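The sequence shown: position 30 = 349 (my numbering), numbered continuously.
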Amino acid sequence: MATITKKKLISEISRRRGLHPNEVRLVVQSFLDCMTEYLSDGDRLEFRDFGVFEVVKRKQKIGRNPKNASVPIVIPERRAVKFTPGKKMKNLIETEEKQGAAF
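The following block contains the structure:
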């Protein structure tokens, strides 16, 4: 497994589609900017077969300091982005997982 950076993604899309990397960079950055704006507004983003991004509220909870477990720490309520994979994505990951287990 590898970590795919934005730069690697742009390079791969450019190669696959025969587009100049600068054109792809603009589109990818615009896409990410739109996603960020929609999510910060609390909107839900749904991409069929791929998955859903949505903002969820995480409740306040009590945590522990790893250096001193006897001291409780209040972790405040916050908003977070949750991703739920779509059916096609789930199936692809499960298939890859089963094939990888055979090695």
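Yeah, the Cβ is synthetic: ideal placement off N, Cα and C, and Gly gets one too.
Since this is a predicted model, take the numbers as computed values, not measurements.
| query | result |
| --- | --- |
| Continuous alpha helix (DSSP H) stretch holding K378: start and end | Careful: K378 lies outside any alpha helix (DSSP H) and carries neither H nor E. |
| Own chain, CB closer than 7 angstroms to V393, minus 5 neighbours either side, in chain order | Q379, I381 |
| Range of the contiguous alpha helix (DSSP H) that encloses R398 | It is not in any alpha helix (DSSP H) - R398 instead sits in the beta strand (DSSP E) that spans 397 to 404. |
| Stretch pair the segment 367 to 379 + the segment 396 to 403: three plus CB contacts closer than 8 angstroms | yes |
| Under the three-state DSSP convention, the category K325 falls into | helix |
| As assigned by DSSP and simplified to three states, the class of R363 | coil |
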